[in-house]
Structure formats: C-alpha cells, structure tokens
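Protein chains in written order, with the working numbering: chain G, 1 to 377; chain D, 1 to 377.
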C-alpha cells in the first residue's frame with residue numbers, strides 16, 4: 001500500500017525522522033505507538049503483554065500491522081493499514097511474521113528502529129537469532145519526537161480530558177467533609193469521571209494526613225480529619241488520551257504552616273507555567289522551579305517537575321535537569337511541583353496541563369490552578 | 001535478611017522450584033511478580049514501564065527490592081523486604097543496582113532466572129553487557145508455577161472479586177432496556193463495580209448486534225435493539241486481584257437461532273466446568289469443549305478456552321490443545337467458551353471462574369452460569 005493513505009499519521013515528519021536517524025523502517029510494539037501508527041486501539045495488548053501487536057512502517061512507504069488472530073476483525077474495521085497479518089496465539093510467534101515481512105521487503109540486514117523499551121528480552125532474542133545481521137536501534141527518539149508535537153485534534157482531546165478531570169476533582173472537594181474516607185472520595189471521583197465519558201479511570205493516588213507524604217499512596221479506609229492535608233493525583237483515559245491532574249486541599253482548621261506551604265507551592269507553580277515558553281531549555285525550566293523553592297523556603301527533592309502527556313502517561317519531553325532540549329511550540333506539558341514538608345508532616349502536589357504557544361501558556365486544565373487553597377469544612 | 005521473614009511468599013516451594021530449574025536466584029520485574037514477591041503494590045510501575053521495580057530472591061535466602069527513589073516511602077511501609085535499594089530516575093539505571101547486588105552475592109556469573117517476557121530489550125542489553133557471563137533463563141515457569149496454586153486467602157479474594165463482578169453485570173442487565181446504549185451499560189457497570197469497592201475497573205468489552213461478532217469491541221454510542229445479541233466481558237481489580245467475567249444476553253424478541261446458540265453454549269460451558277477435575281490434562285479439557293461444539297452443532301474457533309487468573313489477567317495454566325499438563329487441586333480457572341455464529345450474526349461468550357477441588361468444581365463467580373438466557377425487555 002502507499003504510505004500516503006496512512007490515516008492521521010504525519011508521514012512526512014516520520015520520513016524525515018527516519019532519514020535523520022538513518023533507519024529503513026520503524027517497528028512499533030507498545031500499545032500507544034501501535035495505536036498512534038495504526039489507528040486501532042487493541043485493548044488486550046495492554047492487558048496481555050505477550051499478545052503482541054506491532055506495526056512496521058518503512059521509509060519507502062510500506063506498512064503492515066501484525067496482530068493476534070483474535071483481534072483481526074477489530075483491526076480490519078479500525079485500521080487504515082490494509083496489509084494486516086495475523087498469528088495464532090500460543091502456536092506462532094508474532095516475531096516470525098515480523099521476520100518474514102522484513103525479509104520480504106529486503107530489510108533482513110537493514111538498520112531499523114525498534115521500541116527497545118517495550119520489546120521483551122524473549123522477543124528480542126527471537127528477532128536477533130532469526131536475523132543476526134539486523135541492525136537494531138531505539139525507535140523511542142523517533143516516536144517520541146513524532147508524538148511530541150500535538151496536532152489540533154489531539155490538543156482538543158487532551159483539553160477535554162484535562163478539563164473534565166479537574167472539574168470532577170473540584171466538584172468532589174466541594175461535596176467532601178471531614179469524616180469522609182479516602183476510599184469514599186476516590187470512589188466518588190472515579191464514578192464522576194466515568195459519568196463524564198472517560199473510557200477508563202487509570203489511576204488515583206490519594207493520601208491524607210501523614211500519608212500525604214508518600215508520593216503514590218492508594219486509597220484506604222481512613223477518614224479526613226480537621227488539620228489534614230489531602231493530596232490527590234488522578235487520571236483517566238478519554239478516547240485513548242490520558243488526563244493527569246493533581247490537587248492538594250486542606251481539611252477543617254489548617255495550620256499556618258500548611259497554608260503557607262500550599263499557597264507558596266501554588267505561586268511557584270504559576271510562575272513556572274508562565275516561564276514555559278518556546279525557546280527556553282527544559283533544564284532551565286527545571287532549575288527555575290528549583291530556585292523558586294529555595295528562594296521561597298520550601299524543601300525541594302524532585303528529579304523532574306513535569307512531563308508531556310498523550311496516548312502515554314509520561315511522554316517525552318521530561319522537564320528534568322538532564323534535558324537540554326529547547327521547548328517547542330505545540331508541545332504540551334504537565335507541570336507538577338511537589339513539596340514533601342517535614343515541618344507540617346504533609347505532602348503537597350499541584351499538577352496542570354499546559355500547551356506551549358507563542359502567545360504564552362494555554363492552560364488545558366482550564367482551572368484555578370489551586371490558586372486559593374481549597375479547604376474542606 | 002533471612003528468607004524466612006519473606007511475608008506471604010511460599011519460600012519452601014520457591015526454593016524447591018529454583019532447585020528444580022537449577023538457578024541461584026529469581027529476578028522479578030513485572031508488576032504482578034514484584035507485588036507477589038515483595039508484598040508492595042507500586043502502581044506507577046504499571047503505568048510507567050521504564051520506572052522499573054524489581055526483586056531478587058536468592059536460593060541462599062537473601063532478598064532485595066530495587067525501586068525508584070520516589071517509591072521508597074511506600075516500599076518501606078509495605079514490603080517485608082528490608083534490603084531496599086533505590087535509584088534516581090533518569091540519572092541511574094535500576095539494572096546497575098541489580099548488577100551490583102548480583103556481584104555482592106557472588107552471582108555475577110551464575111545461572112539466574114529473569115522474567116524474559118517483561119524485561120525490555122534495553123535493560124536486557126544493559127544487564128548482559130555488564131555481566132556477559134551471567135546465564136539468564138526464563139523465570140516465568142518458576143513464577144507461574146509458584147502463583148498457580150492459590151492459597152485460601154487468595155481464593156477468597158478472587159471469589160469476592162468474581163462474585164461482585166457477576167452481580168454487578170446481572171443487576172445492570174435487569175435495569176437495562178432496548179434503547180439504552182452500549183456506553184450507558186458500560187458506564188453503569190463500571191460505576192457499580194467502583195461502588196462495590198473495586199480498586200479499579202480494568203476492562204470492559206461490549207458489543208451489540210453484529211458488533212458482538214468482534215472479540216474485543218469497545219463501548220460505542222449504539223442503542224440496544226430488539227433482536228440484538230449483547231456480549232459483555234468485564235473485569236476489575238480488587239486488592240490487586242483481577243476479576244474477569246463474560247455474559248451474553250438477548251434483547252427484545254430473540255430469534256430461535258439466537259436462543260439455540262446461547263443456551264447450547266451455556267450447556268457446553270456447564271459440561272466443561274464439570275469435567276475440570278484434578279488429574280485430567282488441560283489439552284483434554286480443551287478437546288472436550290471442542291468436541292461438544294461439534295456434537296451440538298456450534299462453530300468452534302478458539303485457540304484456548306480459558307486461563308488462570310490472579311494478580312495477572314491471563315495467568316498460566318492456559319486451557320489450550322498444547323498444554324498437556326495435569327490439572328492440580330487449588331488451581332483456579334476462568335472457563336470461557338466463545339461462539340461466533342455467522343448464521344445469527346452474533347457473538348456469544350460465557351466466562352466463569354472455577355476453583356478446582358477434589359470434590360468437584362467450586363464456582364467462584366457464584367452465579368447462574370448464564371443458565372437461563374437473560375432477555376432484556
């Protein structure tokens with residue numbers, strides 16, 4: 001088939017990236033990249049790792065989608081890739097079909113890009129023992145680069161997911177009161193998210209009192225009490241796209257220190273968002289955040305302060321001190337400073353999603369950014 | 001630390017399995033095996049593949065848990081493994097800590113078992129380039145064998161998850177009526193599951209009308225109509241343990257063929273469950289099911305007719321023609337015949353969870369097994 005028919009995929013950009021990396025083909029194996037490159041959402045691939053689905057897209061414009069036979073009808077209905085190949089689970093290996101395809105296209109000894117952070121040891125051994133002269137490099141730089149620049153349709157999907165999630169959280173905080181348990185709050189948020197049309201709730205980390213100091217605690221049967229810090233980090237999927245929002249609220253009669261830490265964190269968060277402009281380095285944005293923590297007297301520990309988001313939860317770019325890349329327009333970033341404060345024995349976390357534009361940040365969460373500390377009474 | 005303190009882990013059985021496979025250590029890297037061996041549920045490990053958590057358990061009774069620094073507080077609170085080692089994400093690789101540990105224990109050139117169906121190509125290359133003489137074999141046979149026999153506590157967790165899920169599905173079928181959409185039914189089921197205390201809804205595949213012939217369709221905005229087949233396969237997690245139940249119901253005025261296919265499938269399902277006894281081969285159980293389809297005049301296509309369940313969705317043993325192992329007591333099995341019937345243009349799927357006991361199958365879904373076709377009026 002001609003590659004021009006490959007649905008939403010930005011083929012020109014993909015070809016340019018293949019050229020740049022000097023590879024003849026890109027092999028996607030992770031659920032998010034198979035979805036991105038094929039247009040089909042094979043959910044069992046997320047649940048059953050060994051039931052591999054994969055796409056191969058070559059520089060000369062050929063593409064195939066290899067799936068377990070049980071997914072053939074779905075793939076045929078949804079994907080724009082017409083060269084669909086299927087294997088019988090437990091009997092055949094998807095890697096045999098990949099090997100066959102590469103040979104067919106004269107790529108048995110070529111330099112190709114494969115998702116090395118997803119392909120498993122077993123499948124990798126199969127591939128290299130069938131094609132020992134194949135030159136495998138990481139496909140991640142190509143695929144992350146391809147996915148980092150969101151098209152307007154993706155931005156709107158992400159804005160919808162982010163706004164809905166933020167609103168759900170704020171609604172539940174309005175309804176909450178001391179005595180309600182972490183589990184009740186968690187359950188309310190999840191149900192509202194489903195009511196608002198999420199495909200799925202993906203995660204909720206919720207910790208109250210001293211448990212808020214744990215980065216990723218799960219809901220327990222612990223009631224909110226006056227004087228607690230309540231930290232929630234919550235996300236779902238909407239038509240394949242993630243949301244990921246964090247809020248921290250105070251319960252009953254907060255201490256002065258709690259109010260200070262939370263409002264200072266919110267200030268820092270807003271300042272960092274305003275600094276997220278095309279042309280500056282990710283490492284500079286990270287350092288800006290770190291410096292603000294020092295300046296305002298909050299303890300800082302984070303190895304990164306944010307990440308991109310899309311079909312995956314943590315996409316590149318990552319806002320870390322090690323990332324000297326330049327922020328581009330149409331990148332979206334979750335900016336999420338966290339403060340673990342010994343003095344108030346609390347953990348504080350605020351996370352919002354921002355689209356980088358020439359005219360400044362477009363806040364996709366559309367929210368108050370935790371501007372005025374929410375207090376559950 | 002002495003291995004005798006390793007929480008719930010059946011250390012004697014693990015040691016026996018290591019002995020049998022001739023390995024000096026087992027390295028777990030998948031979320032389910034890290035949870036099983038360490039007792040800590042690191043949810044970001046499921047969401048962020050590269051943020052690896054791993055355990056090493058040696059034959060001589062040493063154990064370590066290696067996690068990303070951000071998860072240290074959680075791991076320290078939850079795990080029984082006291083030798084906890086942490087790495088800084090993006091800066092250090094978890095594999096360096098693994099290499100260091102293996103060297104420390106004199107296992108740098110030993111034969112060790114690693115989860116080769118989870119460890120990625122990149123991490124695998126790092127490991128083998130640091131320790132080129134390390135002899136890596138698959139840990140999966142050991143870990144699946146270890147997890148296949150459920151202890152009474154696990155059985156009760158799985159029974160609870162299965163019963164709740166079945167009840168939720170049946171409640172929603174009672175409330176449903178023609179005109180309701182797939183999405184509404186899906187959303188109702190998910191919310192009820194959350195209300196019943198699920199940690200998470202994991203998947204729902206739902207197809208009505210001709211879409212029921214697709215094995216894994218996702219909910220769409222399609223209303224139920226009289227004459228439809230509605231097929232639902234649904235599962236969540238409860239305290240880390242999966243549920244996985246499928247039901248097929250008819251809508252309005254079913255055709256004679258639809259009623260025949262569904263009630264015949266339900267008959268076959270019950271007969272297969274009754275045949276699932278300790279001492280027979282999995283392949284025989286599969287063939288029994290296949291023969292019953294032929295005998296009763298239903299089309300058969302399945303590469304397997306069931307699987308075990310636990311911390312993972314598809315656990316071994318799998319009921320496939322290739323599995324000549326003998327069914328053991330205290331194994332639990334999801335038995336799930338599917339019929340895709342061209343004549344009635346419908347897909348039919350019934351799935352229940354069964355504990356194998358000497359006294360016959362103990363049906364953990366506790367349900368009517370789709371005995372009388374449910375008709376949505």
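We treat Cβ as the ideally placed atom computed from N, Cα and C, and that holds for glycine. Just so it is clear, the structure is predicted and the values come from calculations on it, not from any experiment.
What residue does the beta strand (DSSP E) around residue i start on, and which one ends it?
{"i": "residue 361 of chain G", "result": "360 to 363"}
{"i": "residue 234 of chain D", "result": "229 to 238"}
{"i": "residue 317 of chain G", "result": "315 to 318"}
{"i": "residue 335 of chain G", "result": "332 to 335"}
{"i": "residue 202 of chain D", "result": "200 to 208"}
{"i": "residue 148 of chain G", "result": "Counting along the chain, residue 148 of chain G falls outside any beta strand (DSSP E), though it belongs to the alpha helix (DSSP H) covering 140 to 148."}
{"i": "residue 348 of chain D", "result": "346 to 349"}
{"i": "residue 341 of chain D", "result": "338 to 341"}
{"i": "residue 25 of chain D", "result": "25 to 28"}
{"i": "residue 87 of chain G", "result": "84 to 87"}
{"i": "residue 322 of chain G", "result": "Counting along the chain, residue 322 of chain G falls outside any beta strand (DSSP E), and DSSP gives it neither H nor E."}
As a quick exercise: from the options, pick the residue whose alpha carbon is nearest that of residue i.
{"i": "residue 334 of chain G", "options": "G:376, G:278, G:326, G:242", "result": "G:242"}
{"i": "residue 108 of chain G", "options": "G:16, G:262, G:23, G:188", "result": "G:23"}
{"i": "residue 229 of chain D", "options": "D:239, D:86, D:207, D:221", "result": "D:207"}
{"i": "residue 148 of chain D", "options": "D:234, D:317, D:342", "result": "D:317"}
{"i": "residue 14 of chain D", "options": "D:261, D:210, D:139, D:287", "result": "D:139"}
{"i": "residue 308 of chain G", "options": "G:327, G:209, G:234, G:301", "result": "G:327"}
{"i": "residue 87 of chain D", "options": "D:100, D:75, D:99, D:69", "result": "D:69"}
{"i": "residue 239 of chain D", "options": "D:269, D:196, D:274, D:257", "result": "D:196"}
{"i": "residue 354 of chain G", "options": "G:314, G:320, G:273", "result": "G:273"}
{"i": "residue 175 of chain D", "options": "D:161, D:224, D:220, D:210", "result": "D:224"}
{"i": "residue 116 of chain G", "options": "D:113, D:126, D:114, D:91", "result": "D:126"}
{"i": "residue 77 of chain D", "options": "G:155, G:203, G:211, G:35", "result": "G:211"}
Give me the chain D residues within the contact set of residue i, using Cβ-Cβ distance strictly less than 9 Å, ordered along the chain.
{"i": "residue 97 of chain G", "result": "Going along chain D, no residue has its Cβ under 9 Å from residue 97 of chain G, so there is no contact; the nearest lies around 16 Å."}
{"i": "residue 322 of chain G", "result": "90, 91"}
{"i": "residue 378 of chain G", "result": "The question about residue 378 of chain G has no answer, for chain G in this structure spans 1 to 377."}
Could you tell me whether the Cβ atoms of residue i and residue j are closer together than 7 Å?
{"i": "residue 25 of chain G", "j": "residue 58 of chain G", "result": "yes"}
{"i": "residue 163 of chain D", "j": "residue 312 of chain D", "result": "no"}
{"i": "residue 237 of chain D", "j": "residue 191 of chain D", "result": "no"}
{"i": "residue 344 of chain D", "j": "residue 261 of chain D", "result": "yes"}
{"i": "residue 85 of chain G", "j": "residue 97 of chain G", "result": "yes"}
{"i": "residue 363 of chain G", "j": "residue 278 of chain G", "result": "no"}
{"i": "residue 135 of chain D", "j": "residue 105 of chain D", "result": "no"}
{"i": "residue 81 of chain G", "j": "residue 38 of chain G", "result": "yes"}
{"i": "residue 214 of chain G", "j": "residue 263 of chain D", "result": "no"}
{"i": "residue 185 of chain G", "j": "residue 172 of chain G", "result": "yes"}
{"i": "residue 150 of chain G", "j": "residue 332 of chain G", "result": "yes"}
{"i": "residue 285 of chain D", "j": "residue 337 of chain D", "result": "no"}
{"i": "residue 53 of chain G", "j": "residue 42 of chain G", "result": "yes"}
{"i": "residue 391 of chain G", "j": "residue 90 of chain D", "result": "Outside the shown range of chain G (1 to 377) lies residue 391 of chain G, about which nothing can therefore be said."}
{"i": "residue 320 of chain G", "j": "residue 304 of chain G", "result": "yes"}
{"i": "residue 248 of chain G", "j": "residue 160 of chain G", "result": "no"}
{"i": "residue 300 of chain D", "j": "residue 293 of chain D", "result": "yes"}
{"i": "residue 123 of chain G", "j": "residue 95 of chain G", "result": "yes"}
{"i": "residue 219 of chain D", "j": "residue 351 of chain D", "result": "no"}
So the alpha helix (DSSP H) residue i belongs to, where does it begin and stop?
{"i": "residue 301 of chain D", "result": "Neither: residue 301 of chain D is in no alpha helix (DSSP H) and is coded neither H nor E."}
{"i": "residue 266 of chain D", "result": "256 to 275"}
{"i": "residue 76 of chain G", "result": "72 to 78"}
{"i": "residue 65 of chain G", "result": "Note, residue 65 of chain G: premise wrong, no alpha helix (DSSP H); beta strand (DSSP E) at 63 to 68."}
{"i": "residue 187 of chain G", "result": "182 to 195"}
{"i": "residue 99 of chain D", "result": "94 to 104"}
{"i": "residue 43 of chain D", "result": "43 to 47"}
{"i": "residue 111 of chain D", "result": "Counting along the chain, residue 111 of chain D falls outside any alpha helix (DSSP H), though it belongs to the beta strand (DSSP E) covering 111 to 114."}
Run through chain G and tell me which residues come within less than 9 Å of residue i, C-beta to C-beta.
{"i": "residue 203 of chain D", "result": "43, 44, 46, 47, 200"}
For a contact meaning CB atoms closer than 7 Å, what does residue i contact in chain D?
{"i": "residue 190 of chain G", "result": "194"}
{"i": "residue 216 of chain G", "result": "43, 44, 71, 74"}
{"i": "residue 184 of chain G", "result": "The contacting residues do not exist; residue 184 of chain G stays about 10 Å from chain D at best."}
{"i": "residue 380 of chain G", "result": "Residue numbering for chain G in the displayed model covers 1 to 377; residue 380 of chain G lies beyond these limits and cannot be assessed."}
Residue i touches chain D at which residues, Cβ-Cβ below 8 Å?
{"i": "residue 303 of chain G", "result": "69, 70, 88, 89, 90, 91"}
{"i": "residue 274 of chain G", "result": "Within chain D, no residue comes near residue 274 of chain G; the closest Cβ sits about 25 Å away, beyond 8 Å."}
What residues of chain G sit near residue i, judged by a beta carbon separation below 7 Å?
{"i": "residue 314 of chain D", "result": "48"}
Mind listing the chain G neighbours of residue i? Cutoff is C-beta to C-beta under 8 Å, in chain order.
{"i": "residue 318 of chain D", "result": "90"}
Please name the residues in the stretch 338 to 367 of chain G whose beta-carbon is closer than 8 Å to at least one beta-carbon of chain D, in chain order.
none
With 7 Å as the C-beta to C-beta threshold (strictly closer), list the residues of the stretch 115 to 129 of chain D near chain G in chain order.
116, 117, 118, 119, 120, 121, 122, 124
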